[in-house]
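Enquirer: Numbering (the numbering used here), first residue to last: 2 to 271.
Shown below is the structure under consideration.
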């Protein structure tokens, strides 16, 4: 808002200076218009500041007020802005409900799944390890894991939500545990294009570490020079939410879009 104020003040000063210069010129020329211009200049000296003040006051009232607590909104991606519909992909590859239950427990819900997000070993190697541990599912599990990029889609509200927050003056970022291989594939197929509207972000694979480890949050804050107390983080994982809080970041457990907006409103982010 400071820049528009300076521009308007400069324009007002130029206008008044121009009027007084014209008055002086016409006075030197002994023109009958000199007295009229002088009166107009005096009137504008009073009127211009009043009009500028009224304009700025109206602009301030129309401009959405920012939260007194939050400057930056940080999003997790999977199941927050992006739908991770792996179950549908698994069914397309011939998995039954029972198979999906096994995959949910032994694969997606396993500690080794984090190796995808760490990206410390080749993606294909991690996928083959799961297939070796579950040979009865290997013929259906392998095509599912090898083409996980096919099961991601951006939620309909994501782009408009980001645009709205930025329009209101908030910094908008992402912080997500993500496989380098899958991220690159999604970038190539255009799924990640909406992230260009954000102010930045951090992938777990970039630092070979994952949430909720404190190093991830600290690396993110350091990258952008953000004050943790002026940030709010949204994640669907409770442990990741707690990890953010332990680093001094306000955090919300994401359950759904409407609930998240309500909780953000409670922090003044409306």
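Note that the Cβ used here is the ideal one computed from N, Cα and C, for glycine as well.
1. When the distance is taken between beta carbons, is residue 81 closer than 9 Å to residue 237?
2. Can you tell me whether DSSP reads residue 204 as helix, strand or coil?
3. Buried or exposed for residue 180, going by 16 or more other Cβ atoms inside 10 Å?
4. For residue 233 and residue 199, which I take to be in contact (beta-carbon distance under 8 Å), what is that distance rounded to the nearest angstrom?
5. Spell out the partners DSSP gives residue 254 in its beta bridges.
6. Since residue 227 contacts residue 251 with CB under 8 Å, what's their CB separation in whole angstroms?
7. Would you identify the three-state DSSP class for residue 120, choosing helix, strand or coil?
8. Taking residue 76 as part of the alpha helix (DSSP H), name the residues at either end of that continuous run.
9. Which one of 223, 213 and 220 has the shortest CA to CA distance from residue 246?
10. Using DSSP bridges, identify the partner residues of residue 175.
11. What are the boundary residues of the alpha helix (DSSP H) that includes residue 221?
12. Please return the same chain residues whose Cβ sits closer than 6 Å to the Cβ of residue 92, not counting the five positions on each side in sequence.
13. Need the endpoints of the beta strand (DSSP E) that residue 211 sits in, please.
14. Could you tell me the distance, in whole angstroms, from the CA atom of residue 47 to the CA atom of residue 263?
15. According to DSSP, simplified to helix, strand and coil, what is residue 60?
Expert: In short, the structure shows the following:
1. Cβ distance < 9 Å, so residue 237 and residue 81 count as in contact.
2. strand
3. Note on residue 180: 16 or more other CB atoms within 10 angstroms of its CB, so buried under the neighbour-count rule.
4. With a Cβ gap of about 15 Å, residue 233 and residue 199 do not count as contacting.
5. 236
6. Actually they do not touch by this definition, with Cβ atoms about 12 Å apart.
7. coil
8. From DSSP, residue 76 is part of no alpha helix (DSSP H) but of the beta strand (DSSP E) over 73-76.
9. 213
10. 76 and 202
11. 215-225
12. Counting only residues of its own chain and dropping the five nearest sequence neighbours on each side, residue 92 has no CB closer than 6 Å to any other CB.
13. It is not in any beta strand (DSSP E) - residue 211 carries neither H nor E in the DSSP assignment.
14. 46 Å
15. Below a pLDDT of 50, predicted positions are generally treated as unreliable, and residue 60, at 49, falls in that range; no measurement from the model is reported.
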